[in-house]
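One structure is given here, and the rest of the page talks about it.
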Amino acid sequence: MDDDKLLEIKDLHLHFHTYGGTVKALRGVNLAIKHGETLGLVGESGCGKSQTAMSLLQLTPKPPAEYPQGEILYHRKVGRGSERKWIDILRLPEPDLRRIRGNDISMIFQEPMTSLNPVLPCGEQICEVIVQHQDVGVKLRAWDRFWLRRGFKTRRYGKALEGAAPRAIGMLRDIGIPDPEGLMERYPHELSGGMRQRVMIAIGLSCDPDLLVADEPTTALDVTIQAQIMDLMRSLKTRVGASILLITHHLGVVAEMADRIAVMYAGRIVEEGPAVDVFKAPKHPYTLGLLNSIPDLKGGSEEGGADGADAGAPAVQTAQERSRRRRDLPVIPGTVPNLLNPPAGCSYHPRCPFAFERCRVKVPELQKAEGQMVACHLYDPDITVPAALRNKDASVYLRPPGADGFNPNPTVKESDLGGRAEA
Amino acid sequence: MSEALLEVEDLKKHFPIRGGFIRRNVNHVRAVDGVSFDIPQGQTLGLVGESGCGKTTVGRTLLRLTDPTAGSIRFRGQEIATLSRRRMRELRPKMQIVFQDPMSSLNPRMTIKQILTEPLRLNGVGRDAAHKRIVELLETVGMTAEQANRFPHEFSGGQRQRIGVARALALNPDFIVLDEPTSALDVSVQAQVLNLLSRLQKELDLTYLFISHDLSVIRHLCDEVAVMYLGRIVEKGPVEKVFTSPQHPYTQALLSAVPIPDPETRAKRIILTGDVPSPVNPPKACRFHPRCPRAQAICREIDPPLEAKEAGHLAACHFPGPQEKWPITQTREVKVSEG
Amino acid sequence: MVALTEKEVRLTGFRAAMAPRLREWKYGLYRLWQSKLAIVGLALVVLYVAVALFAPLISPSEAGSLDDYRMRLHFSEGLQPPGWHGKPFGTGENGIDLFHGVVWGTRISMVMGLAITAFGAVVGTILGGLAGYFGGKTDEAIMRLTDVFLAMPILILAMAVTVALGPGLFNIGLALALTWWPSYTRLVRGTVLSIRENQYVEAARAVGASDMRIILRHIIPNSLSPILVQATLDIGSVVLLSAALSFIGFGPSGSNFSEWGNLVSRGQSYMLGHWWVVTIPGLAIFGFVLAFNLLGDGLRDLLDPRLRK
Chain A
2 MDDDKLLEIK
12 DLHLHFHTYG
22 GTVKALRGVN
32 LAIKHGETLG
42 LVGESGCGKS
52 QTAMSLLQLT
62 PKPPAEYPQG
72 EILYHRKVGR
82 GSERKWIDIL
92 RLPEPDLRRI
102 RGNDISMIFQ
112 EPMTSLNPVL
122 PCGEQICEVI
132 VQHQDVGVKL
142 RAWDRFWLRR
152 GFKTRRYGKA
162 LEGAAPRAIG
172 MLRDIGIPDP
182 EGLMERYPHE
192 LSGGMRQRVM
202 IAIGLSCDPD
212 LLVADEPTTA
222 LDVTIQAQIM
232 DLMRSLKTRV
242 GASILLITHH
252 LGVVAEMADR
262 IAVMYAGRIV
272 EEGPAVDVFK
282 APKHPYTLGL
292 LNSIPDLKGG
302 SEEGGADGAD
312 AGAPAVQTAQ
322 ERSRRRRDLP
332 VIPGTVPNLL
342 NPPAGCSYHP
352 RCPFAFERCR
362 VKVPELQKAE
372 GQMVACHLYD
382 PDITVPAALR
392 NKDASVYLRP
402 PGADGFNPNP
412 TVKESDLGGR
422 AEA
Chain B
16 MSEALLEVED
26 LKKHFPIRGG
36 FIRRNVNHVR
46 AVDGVSFDIP
56 QGQTLGLVGE
66 SGCGKTTVGR
76 TLLRLTDPTA
86 GSIRFRGQEI
96 ATLSRRRMRE
106 LRPKMQIVFQ
116 DPMSSLNPRM
126 TIKQILTEPL
136 RLNGVGRDAA
146 HKRIVELLET
156 VGMTAEQANR
166 FPHEFSGGQR
176 QRIGVARALA
186 LNPDFIVLDE
196 PTSALDVSVQ
206 AQVLNLLSRL
216 QKELDLTYLF
226 ISHDLSVIRH
236 LCDEVAVMYL
246 GRIVEKGPVE
256 KVFTSPQHPY
266 TQALLSAVPI
276 PDPETRAKRI
286 ILTGDVPSPV
296 NPPKACRFHP
306 RCPRAQAICR
316 EIDPPLEAKE
326 AGHLAACHFP
336 GPQEKWPITQ
346 TREVKVSEG
Chain C
3 MVALTEKEVR
13 LTGFRAAMAP
23 RLREWKYGLY
33 RLWQSKLAIV
43 GLALVVLYVA
53 VALFAPLISP
63 SEAGSLDDYR
73 MRLHFSEGLQ
83 PPGWHGKPFG
93 TGENGIDLFH
103 GVVWGTRISM
113 VMGLAITAFG
123 AVVGTILGGL
133 AGYFGGKTDE
143 AIMRLTDVFL
153 AMPILILAMA
163 VTVALGPGLF
173 NIGLALALTW
183 WPSYTRLVRG
193 TVLSIRENQY
203 VEAARAVGAS
213 DMRIILRHII
223 PNSLSPILVQ
233 ATLDIGSVVL
243 LSAALSFIGF
253 GPSGSNFSEW
263 GNLVSRGQSY
273 MLGHWWVVTI
283 PGLAIFGFVL
293 AFNLLGDGLR
303 DLLDPRLRK
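Residue numbers (the numbering used here), protein chains in the order written: chain A, 2 to 424; chain B, 16 to 354; chain C, 3 to 311.
In structure tokens:
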């Protein structure tokens with residue numbers, strides 16, 4: 002166990018029992034977050050990234066969800082010193098989980114309007130969390146908690162909230178809100194989307210957590226507001242020293258914010274490594290396809306295309322010329338697999354232009370490949386990496402796929418992949 | 016052939032706000048407040064802006080799904096802003112729309128076949144001809160005929176969006192308004208849909224109005240782009256020009272705010288403070304002046320008109336040009352951060 | 003006629019068209035099966051429906067009675083407990099056969115419940131649909147009218163109707179129907195207001211659909227769920243209320259009419275010492291209302307879009 006690591010997910014499996022069958026949402030997730038780093042978890046809808054986040058705090062209701070296998074190991078602070086202990090979140094009883102939520106690990110969500118309680122003023126929502134976990138000078142008794150659970154606030158609880166107010170106001174001021182006292186009084190619907198997200202961040206960071214899980218925090222915001230929030234999160238991270246698990250499908254956001262990136266597909270991690278390495282030299286064919294199917298803000302056509310003219314194109318073109326020259330985006334054929342019945346072997350093989358025999362049968366493990374960890378048989382030690390991948394040539398995705406998405410004539414045959422020279 | 020298929024002049028759409036006891040008109044939401052543009056046949060005009068800028072309203076008003084408060088819309092030379100309901104219905108087959116939300120744009124109680132039959136039957140196509148057409152349409156968008164007998168919720172978002180495109184194509188339109196068609200889709204699905212739209216435009220000589228907040232998609236698909244802010248166009252021109260040398264400070268801020276999928280590029284970012292003001296009471300004179308890094312006295316007094324700074328490239332600003340040219344006058348309101 | 007290609011045949015076959023709806027039904031039944039209370043409700047409802055349908059077989063009228071609904075009076079016999087002389091529910095005032103009364107009363111209640119609820123639902127849907135879709139003055143006019151009717155107390159209205167038209171079952175029904183439709187109007191108007199905002203409605207307009215078509219083809223089918231749930235729950239309430247009105251005396255006159263409320267009313271005086279004259283018809287009412295309430299609750303959970311798949 003490295004001392005570096007704050008949280009480690011080992012071989013996590015998550016099943017949902019539904020009418021149509023058992024949905025295997027997570028199929029062996031292996032992930033680690035270090036102290037003070039921002040890990041970006043990227044993937045498309047249905048890949049399981051949100052479920053991974055919810056699992057960290059055990060927020061998914063247990064039936065119909067079930068965790069048949071795996072561990073979530075958290076290096077938790079014990080007492081006030083710097084001593085820490087490893088615990089398995091999956092095996093924790095509910096009262097212990099409650100102590101962790103908001104205090105050691107906190108979470109912010111995508112839609113701030115629905116995450117905030119519309120009938121409580123913002124200040125109270127922030128103070129609630131503080132009162133729950135921190136010492137505010139007023140000790141709550143069982144009597145207070147009894148009534149709180151039934152929706153009533155006792156006078157002592159009110160005093161506790163007041164006691165938490167200075168801390169909340171301090172937090173808001175740190176976040177750069179010009180009038181924190183005024184904001185405390187206002188209701189969520191009186192605020193704009195960006196402000197609401199800031200309140201969410203305040204709630205999330207109010208108890209100095211070790212880990213902040215942010216599930217698509219900027220997806221619902223306008224571009225300029227998104228820039229503000231990203232800037233805010235970056236500055237807070239250096240100040241507060243928390244780790245961030247940033248979950249998003251937007252590759253631009255993750256490129257700006259994350260130190261390391263993990264790419265998820267169909268319930269498994271397929272690639273993981275430092276952000277620069279994953280973007281500059283993607284190893285897994287899915288990552289390659291994904292990165293190249295984003296329209297480029299800076300240039301008209303895609304790199305990796307057969308023609309060389311892109312960024313150097315003349316500034317003035319007639320419309321006719323433009324539409325003739327406009328390249329198709331390289332596209333990953335087919336669709337995400339149905340997790341009721343995922344494909345055997347590597348989940349990506351039906352859509353992979355490099356698939357070969359082994360991929361249909363054996364599940365690839367995460368293994369080291371230059372700077373990153375990749376779950377792909379192309380990097381098995383007894384094979385040499387095909388040139389197309391080495392040069393990050395995404396043109397392979399521009400070829401029309403076979404009938405059902407699976408490329409019947411894979412670029413790479415098992416026999417083509419020469420073994421290492423003997424000795 | 017590049018004659019303008021669609022000409023819009025000074026389009027306005029104000030929504031009345033009723034307040035008070037007797038429900039008088041207290042105020043107006045000036046969603047669209049004087050927008051003009053032309054789209055030549057076979058081309059794509061992109062309409063960009065953030066929430067509240069009015070771009071969606073423009074799309075709907077063009078198709079007369081809501082009636083404009085003022086202004087002129089000419090489709091193939093014919094004025095349609097004031098056309099009667101009945102005459103407009105005759106024109107509908109020529110102008111169609113693809114909606115943003117794949118969940119709510121298809122009636123959950125109708126099968127795909129019924130959804131696609133509806134436009135055809137409403138416009139006088141016989142049953143057998145309609146069947147043939149449906150099979151054709153589904154194949155055009157990359158789906159199979161068997162899927163027609165299913166309900167929308169049995170499909171993924173990308174597939175539903177394709178069905179929306181098929182519905183828009185059913186009547187052989189000349190002009191299609193695409194209202195954020197890929198915003199709700201994943202990256203790889205978005206690529207598929209964008210390629211489809213591109214191909215269809217070439218094959219069927221379609222004209223598009225592409226509304227989006229996603230600048231990279233706009234750059235990829237559009238010929239011309241118009242940037243909207245608070246109901247007005249603040250910059251307009253060929254997409255290459257506007258993206259490589261934006262003139263208006265809002266365009267510059269918008270472009271610099273887009274997160275780039277490249278961890279090594281740390282863009283110099285112009286971060287505007289404050290939120291987008293509401294279109295109910297837009298700021299006087301230049302609407303952008305409260306958030307503008309280079310606003311001066313004249314900006315608070317005179318509203319800059321949208322005029323050409325270079326051939327074909329228009330901007331509505333007293334001080335157009337790159338940020339470096341102008342001093343930052345409101346230092347406490349704007350941050351320029353190094354990524 | 004042009005020969006259809008194979009694809010088109012697959013597209014148009016009746017079985018192909020029905021397949022998706024059948025799938026939905028199967029899923030619906032599965033969900034229903036999961037709620038035990040809903041099953042109980044359904045079973046009870048089926049029982050009551052069977053009794054109502056097969057009343058002549060279950061309890062044929064005695065020779066000499068005026069009609070099926072009026073029980074034969076046997077003045078000589080007193081009140082007898084259940085089991086006496088083959089009368090499973092005993093006899094009531096003047097020797098009327100309570101079993102016969104309850105069985106045929108089921109028919110009355112079923113008809114009353116269904117008819118009044120149907121009337122309310124249909125009228126409410128039309129008015130509510132128009133109000134919600136068109137808004138503006140139409141909305142105002144309809145809603146004010148609805149408010150007027152909502153404000154009427156059912157009892158006063160029932161009395162007014164009875165005074166004007168005389169007591170009797172039909173008149174109770176009339177009074178109930180008049181008070182029932184406003185709540186549906188409100189319900190449907192609210193549903194329509196939210197459905198109207200969906201993009202598929204705009205899409206229909208974009209392809210040239212008329213308002214009438216949009217209402218009938220797009221809006222109403224999607225607003226059926228709350229109406230159905232409300233109607234099912236209401237059947238119980240209607241019957242309860244109609245029994246109450248009958249009990250008070252607005253209903254059909256005569257001690258031997260087979261209507262549950264009437265039976266309870268007549269049996270009041272003999273309650274002490276002869277528990278069955280009141281309890282048995284009372285239990286029938288209770289069971290009926292319970293059955294429809296359970297079924298309605300089950301339906302509501304079933305149709306809740308958030309709980310799908």
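C-beta atoms are modelled at their ideal positions from N, C-alpha and C, and glycine is treated no differently.
Where residue i and residue j are concerned, what is the direct C-alpha to C-alpha distance, given to the nearest angstrom?
i: Thr281 of chain C; j: Gly94 of chain C; result: 11 Å
i: Leu247 of chain C; j: Val241 of chain C; result: 10 Å
i: Leu20 of chain B; j: Asp53 of chain B; result: 8 Å
i: Gly92 of chain C; j: Trp277 of chain C; result: 10 Å
i: Ala185 of chain B; j: Leu131 of chain B; result: 7 Å
i: Val279 of chain A; j: Cys377 of chain A; result: 14 Å
i: Leu270 of chain B; j: Phe258 of chain B; result: 8 Å
i: Gly289 of chain B; j: Ala312 of chain B; result: 20 Å
i: Met118 of chain B; j: Ala54 of chain C; result: 44 Å
i: Pro5 of chain B; j: Phe303 of chain B; result: Nothing about residue 5 of chain B can be read from this structure; chain B reaches only from 16 to 354.
i: Val180 of chain B; j: Asp381 of chain A; result: 43 Å
i: Pro96 of chain A; j: Asp89 of chain A; result: 14 Å
i: Arg148 of chain B; j: Thr155 of chain B; result: 10 Å
i: Leu193 of chain B; j: Pro296 of chain A; result: 17 Å
i: His18 of chain A; j: Pro62 of chain A; result: 12 Å
Which residues in the same chain have their Cβ closer than 7 Å to the Cβ of residue i, if we skip the five residues on either side of it in sequence?
i: Gly346 of chain A; result: Cys360, Arg361, Val362, Lys363 and Val364
i: Ala357 of chain B; result: Because chain B here runs from 16 to 354, residue 357 of chain B falls outside it and cannot be looked at.
i: Arg191 of chain C; result: Gly130, Ala133 and Gly134
i: Leu301 of chain C; result: Leu230, Val231 and Thr234
Who are the Cβ neighbours of residue i in its own chain at under 8 Å, not counting the five residues just before and after it?
i: Met258 of chain A; result: Thr39, Gly41, Met231, Met234, Arg235, Ile245 and Leu247
i: His350 of chain A; result: Pro344, Ala356, Cys360, Arg361 and Phe407
In its own chain, which residues sit with a C-beta less than 6 Å from the C-beta of residue i, not counting the 5 before and 5 after it?
i: Leu46 of chain C; result: Ala293
i: Lys28 of chain B; result: Ala46, Val47, Thr72, Thr76, Pro83 and Thr84
i: Asp220 of chain B; result: Gly57
Going by C-alpha to C-alpha distance, which of the options sits closest to residue i?
i: Ile109 of chain A; options: A:Asp297, A:Ala282, A:Leu213 and A:Lys281; result: A:Leu213
i: Gly284 of chain C; options: C:Gly103, C:Leu171, C:Asn200 and C:Trp182; result: C:Gly103
i: Leu77 of chain B; options: B:Glu151, B:Ser66, B:Ile191 and B:Gln129; result: B:Ile191
i: Tyr287 of chain A; options: A:Glu67, A:Ala203, A:Met265 and A:Pro275; result: A:Met265
i: Leu235 of chain C; options: C:Pro22, C:Ala40, C:Leu49 and C:Pro223; result: C:Ala40
i: Thr249 of chain A; options: A:Arg151, A:Ala54 and A:Gln70; result: A:Ala54
i: Pro334 of chain A; options: B:Gln207, B:Gln216 and B:Asp201; result: B:Gln207
Exposed or buried, what is residue i when buried is set at 16 or more other beta-carbons lying within 10 Å of its beta-carbon?
i: Glu125 of chain A; result: buried
i: Glu186 of chain A; result: exposed
i: Gly138 of chain C; result: exposed
i: Val249 of chain B; result: buried
i: His146 of chain B; result: buried
i: Ile131 of chain A; result: buried
i: Val24 of chain A; result: buried
i: Tyr20 of chain A; result: exposed
Please report the Cβ distance between residue i and residue j, rounded to the nearest whole angstrom; I am assuming they are in contact, meaning their Cβ atoms lie under 8 Å.
i: Phe259 of chain C; j: Tyr71 of chain C; result: 6 Å
i: Gly157 of chain B; j: Ala199 of chain B; result: With a Cβ gap of about 18 Å, Gly157 of chain B and Ala199 of chain B do not count as contacting.
With 7 Å as the C-beta to C-beta threshold (strictly closer), list the residues of the stretch 191-218 of chain B near chain D in chain order. In summary, chain D is missing from the structure at hand, where the protein chains are A, B and C.
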